[in-house]
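Residue numbers (UniProt numbering), protein chains in the order written: chain A, 1 to 528; chain B, 1 to 378.
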């Protein structure tokens, strides 16, 4: 018996890859995992199921009956409950008050509600005490309150969005015990995650989503982490092989003992050192949230390191502000182009100025030169194949791939010496992806030094001349992209391997590590 | 491409027009509800606008509103809400009045001195909020509201006879300013005199447009308003930008009281116009932070102000507060209609771009300066 069936779900947003022809079937009394990288479209899909978004195409069936949700209230009425990644609880209220808030009509606000809460709590082993203030609860307890909240509202299918992201390993085990309790009572759970170990240990079935569409399903007992990883990162995608090496011995960027410490004293960047030569692409692999963002920000000047130096050719640029770095030839393809790379409601030609407002052709002295900037925007649009009807349309009107091509074109137009390319093809369609790869390879031939950061391991292996792995803010391993496989790289990303990664014998060791310490040693902030 | 330009103009005009229509309609509802004629007050007020003496009053009032609204708009353009324009201009006008009373230089020096005094006072007062925001993270909204209250007390203190105050009858003033600091008006005969400083307001409106749209600084400011994160990544120092914008906004605010101070009152007294800064917020909103839009909005609100008193003397008298109700409704309608028009416009453009691309209208294929390229086909 199916609890939830999504068929042919398509959701279009201008500018981003959302969902395309998604199929998902959740059987009653099972934990169904939905896995995929960040940005693959998991959240959009769940918002559709929870009534927060309407699909453009496709159907939703609950218990075999077709439904159309126009708000979460409709979804709740149909027994769908969602536990958000960020808890939605009022700290200054008690557990009881939080649970009944908004559902006062169900069981009142007094003893009847308290009885109901205790009953649910006992039945599923949640151990929730109704009269404690939420502000006195830990993260795991709050999560259980959230779960109880949706059960209280009569949910038969629970959506848990990255529930383990905030938990420590013991709490993860406790959560999984709760989930097993739920499914033994006939409830269904949709478990969203990108941590393979967890997924394999808790799920009954797995659906993999990549680039906005479902690419396959798997049964944990018959699946190895390797196979799942392949499905997730998509190793069958055409990977451009970097042909002959263009690496020179002329260092362009030298980072030495770069250290950045968070307020609590935790090292976000732990003595990072590397050198990138002219014509060299250094690929940085790592699970998100291990210091990549901080490294990028330190390199572009948005954060200043606590110690260590950054040298660009002959100049030490550690103390330079962002603008000077950009003027002096640091190009920047940001990881989140909507937040850091574009003014979404400004026309394309103003976006062409962004980041290079002091440079020609955008400005002469203190004055802007809109005519020249517009002419140059037209050139970029043509040379980089940005699909747009004109340069006066807003950046928000373009698809993600075209936005990214505009950014790449803009950065390349100022002849950078050093390019920071963070997830350059994320949320970009396959055609644009190939073009962006071409651009990076061409720039490399011309002697550009590139720092490539990507979650797409094939992209990293295909484009890089040398690979480094970042884990917990430190560079823990290096590898030769010519011989390494995505799976071998993947294990180093979880901290299971370090030093210089060799092919063959390491692969065995990795397998063992994956199985032995599944969710336990995944870094806490992985989900960011 | 021209199509999108026309579209932008249409969208820019649609917001205010919808807001005004809604505000007028709702005001009429209020009139009907109170058993009054829902049309006649407008006729009476329109009639007022045809008298030349009222026109001069409207222009003089609009000039001051314009300066106050520009000050607010500078903040708005980078997502700063300077509610403190009110305190800034009052304190600045008082400082200029005091300097003008106690220093008497030749006019060529005196007038720039007074202007500079006002600008620096306004900038100082808003700068306090700016410094608090960049160093301590205090919301500029809270800080400027507090500073408004403090400025009232500071003014009351400066009015004490033992400080700078001069009692004329029962009225607190700062004494009469030296003649060399008086700015001559434009004589309109029996209709009165247009404040000479109104011309400065017009010039500043032009300057505002040029700086914002044609300079690097203006681009950085607009980028900061559109996306703080993108601006920072593009090389704007966000803290410095916040402080600069607050200082410029406050400096501009400092000028708002000068038309009447230098042109007519020549002293800062208890009858000096108040709440220009708050009305300036309405006007900046209605004018969409655009210098031309603000000019129209300033004239509109000044008209409501100056034409409404006559309503009480009509054969069938109306309450002049109708104009106040209408101003309030305009603000409400503006906020709602602009957001609606903005999202609608953005969606519409996205759809149209999608449609044009699907139809193969790609730049390069259609642009005249370019040979047929294979972009669309790839």
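Where is the CB? At the ideal position from N, CA and C, for every residue including glycine.
DSSP places residue 102 of chain B inside the alpha helix (DSSP H), whose first and last residues are 85-102.
DSSP, read as helix, strand or coil, puts residue 164 of chain B in coil. CA-to-CA, the gap between residue 225 of chain B and residue 176 of chain B works out to about 42 Å. Within the DSSP secondary-structure output, residue 195 of chain A pairs in no beta bridge.
For residue 413 of chain A, not one C-beta of chain B is nearer than 8 Å to its own C-beta.
Interface with chain A (8 Å Cβ-Cβ cutoff): residue 11 of chain B is excluded. The C-alpha of residue 493 of chain A is placed about 44 Å away from the C-alpha of residue 344 of chain B.
Nearest to residue 329 of chain B by alpha-carbon distance, out of B/317, B/304, B/213 and B/348, is B/304. Residue-level contact by beta carbon fails for residue 243 of chain B and chain A, as no gap is shorter than 8 Å. If you check each beta-carbon in the stretch 393-408 of chain A against every beta-carbon of chain B, the ones closer than 8 Å belong to 393, 394, 396, 397 and 398.
Of A/1, A/273 and A/61, the smallest CA-CA separation from residue 309 of chain A is found for A/273. Residue 327 of chain B is classed as buried because its beta carbon has at least 16 other beta carbons within 10 Å across all chains shown. Secondary structure within the stretch 19-64 of chain A: the alpha helix (DSSP H) runs of 4 or more consecutive residues, fully enclosed, are 42-49 (chain order). Of all alpha-carbon atoms in B/212, B/45 and B/13, the one lying nearest the alpha-carbon of residue 321 of chain B is that of B/45. A contact between stretches requires three or more CB pairs, one per stretch, nearer than 8 Å, and the stretch 164-182 of chain B fails this requirement with the stretch 274-286 of chain B. For residue 367 of chain A, the number of other beta carbons within 10 angstroms of its own is below 16, and it is reported as exposed. Linking residue 194 of chain B to residue 298 of chain B through their CA atoms gives a straight-line distance of about 15 Å.
In the DSSP assignment, residue 82 of chain A falls within the unbroken beta strand (DSSP E) covering 80-83. Annotation for residue 205 of chain A: the continuous beta strand (DSSP E) segment containing it runs 205-210.
When the beta-carbon positions are compared, residue 41 of chain A and residue 19 of chain A come within less than 8 Å of each other. When secondary structure is reduced to three states using DSSP, residue 394 of chain A falls in the strand class. Each residue's CA atom was taken as its position, placing residue 293 of chain A and residue 281 of chain A some 18 Å apart.
The beta-carbon separation of residue 209 of chain A and residue 215 of chain A, rounded to 7 Å, stays under the 8 Å limit for a contact. In chain order, 64, 67, 68, 89 and 276 place their CB closer than 6 Å to the CB of residue 256 of chain B, counting only its own chain and leaving out the 5 sequence neighbours on each side.
Going by C-alpha positions, residue 290 of chain A is about 5 Å away from residue 472 of chain A. Shown here, residue 79 of chain B sits in coil according to DSSP, grouped into three states, outside any helix or strand. The C-beta of residue 320 of chain A comes no closer than 8 Å to any C-beta of chain B. Residue contact check for residue 388 of chain A against chain B: a CB pair falls below 8 Å. Shown here for residue 239 of chain B: same chain residues with a beta carbon closer than 8 Å to its own, the five before and five after excluded, namely 134 in chain order. The C-alpha of residue 276 of chain A lies about 21 Å from the C-alpha of residue 413 of chain A. Among the residues facing chain B, residue 340 of chain A is included, as its CB has a counterpart in that chain under 8 Å away.
The beta carbon of residue 94 of chain B lies closer than 7 Å to those of 155, 158, 174 and 268 in the same chain, with the five residues before and after it left out. Chain order gives the chain B residues near residue 355 of chain A as 233, 234 and 235, where near means a beta carbon separation below 8 Å.
For residue 135 of chain B, no CB of chain A lies under 8 Å from its own CB, so it is not counted at the interface with that chain. About 27 Å separates the CB atoms of residue 419 of chain A and residue 393 of chain A; that is not less than 8 Å, and the two are not in contact. Interface with chain B (8 Å Cβ-Cβ cutoff): residue 334 of chain A is included.
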